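Worksheet for the structure shown next.
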Amino acid sequence: MSEFNAEMADELVCLVQAMKSAEMWPSTPPSQQAMQSTTPFAVDSMPFESWLAFIFIPKMQWLLDSGNKVPEMQIYPAAELYLDSGVKGRVEGVSKDNADENVEQRVSGVLACLKRIDDIAALASKDVN
Numbered sequence: 002m003s004e005f006n007a008e009m010a011d012e013l014v015c016l017v018q019a020m021k022s023a024e025m026w027p028s029t030p031p032s033q034q035a036m037q038s039t040t041p042f043a044v045d046s047m048p049f050e051s052w053l054a055f056i057f058i059p060k061m062q063w064l065l066d067s068g069n070k071v072p073e074m075q076i077y078p079a080a081e082l083y084l085d086s087g088v089k090g091r092v093e094g095v096s097k098d099n100a101d102e103n104v105e106q107r108v109s110g111v112l113a114c115l116k117r118i119d120d121i122a123a124l125a126s127k128d129v130n
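Have a look at this one:
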C-alpha cells in the first residue's frame, strides 16, 4: 500500500469516528433506489451524511483495498456547505439557544477529516510513482 493510500485509510477511520462522535452516522442505510443516484453526492435521494457513510467511504475503501490510486477530489467544500445549511436543524441533542455553537463543535472533526482526505488525494494525484 502506498504512503498516500495508508494515510487515506487512516483518515477514513478518522471520518467514521468523527461522524459517530458528532451523532451524524446514519442509523439506517438508504433504499436501493437512493443508492442508484447519479447526482453528485446523491443530494436528490439521501442526506449528505448517508452519502458519506454508504457511498463515499465504502467506495474509497474499495479503491484502497484493490490498490487503485485515489483520485483528486473536493469533498470538503460540499461538506462545509451542507453542514452550514443542513445539519444544524437535524443534529439531535442540541438546544436551540446553543445550536450554532454546539453543532459547529460537533462537526468540526468531520470537516477536519474531510479536509485532510481532500489534501491527501490532491498530493496522491500529483505523485508520479
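Quick note, our numbering runs 1 ahead of the 1-based positions in the sequence shown.
Glycine is no exception: its CB is placed at the ideal position from the N, C-alpha and C atoms.
These numbers were taken from a predicted model, which means no experiment stands behind them.
{"Item": "Secondary structure of Glu8, DSSP reduced to three states", "Value": "helix"}
{"Item": "Contact check, Phe55 vs Pro72, beta carbons under 7 Å", "Value": "no"}
{"Item": "Rounded C-alpha distance that separates Glu8 from Gln34", "Value": "33 Å"}
{"Item": "For Glu12 and Pro27, believed in contact at Cβ under 8 Å, the rounded distance", "Value": "Contact doesn't hold; Cβ gap of about 19 Å is too wide."}
{"Item": "Reduced DSSP secondary structure (H/G/I, E/B, other) of Ala23", "Value": "coil"}
{"Item": "Cβ-Cβ distance between Tyr77 and Asp119 below 7 Å", "Value": "yes"}
{"Item": "Bounding residues of the alpha helix (DSSP H) (the contiguous stretch that carries Glu50)", "Value": "49-52"}
{"Item": "As assigned by DSSP and simplified to three states, the class of Asp45", "Value": "coil"}
{"Item": "Cutoff 7 Å; reference Asp45; Cβ partners in own chain excluding five residues on either side", "Value": "Ser38"}
{"Item": "Neighbourhood of Gln75 by C-beta, 8 Å cutoff - its chain only, sequence neighbours within 5 removed", "Value": "Asp119"}
{"Item": "Buried or exposed by the 16-neighbour rule on C-beta atoms within 10 Å, applied to Val14", "Value": "exposed"}
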